[in-house]
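Here is the structure we will look at.
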């Protein structure tokens with residue numbers, strides 16, 4: 111279950127946050143993990159799945175395939191909660 115914190119920031123009951131990172135990205139935050147993925151915003155939010163970058167304790171790391179897909183799922187779940195249409199590219 112999500113809670114809307116601001117128009118562009120939501121928090122899930124499990125503790126992670128999804129927010130707009132900039133005009134061109136979405137961010138996933140959980141503890142010491144920050145993930146950012148490039149996105150184009152418009153009538154449909156286009157998410158560039160291969161652009162996902164993960165930072166843990168300030169160090170850029172490559173996420174596992176499972177971690178990559180889980181983070182994208184959390185981001186898209188947040189967009190669904192916000193009533194946003196999206197496309198994974």
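Numbering (my numbering), first residue to last: 111 to 199.
All C-beta atoms in this analysis are idealised placements derived from N, C-alpha and C, irrespective of residue type, glycine included.
- In the three-state reduction of the DSSP assignment, residue 114 falls in the strand class.
- Per DSSP, reduced to three states, the secondary structure at residue 197 is strand.
- For residue 157 against residue 172, the beta-carbon gap comes to about 19 Å, at or over 8 Å, which does not count as contact.
- Here the C-alpha atom of residue 166 lies approximately 21 Å from the C-alpha atom of residue 188.
- Taking the C-beta atoms as reference points, residue 147 is found nearer than 8 Å to residue 185.
- For residue 120, the CB contacts under 8 Å within the same chain, skipping 5 residues up- and downstream, are 112, 113, 114, 127, 128, 129, 188, 191 and 192 in chain order.
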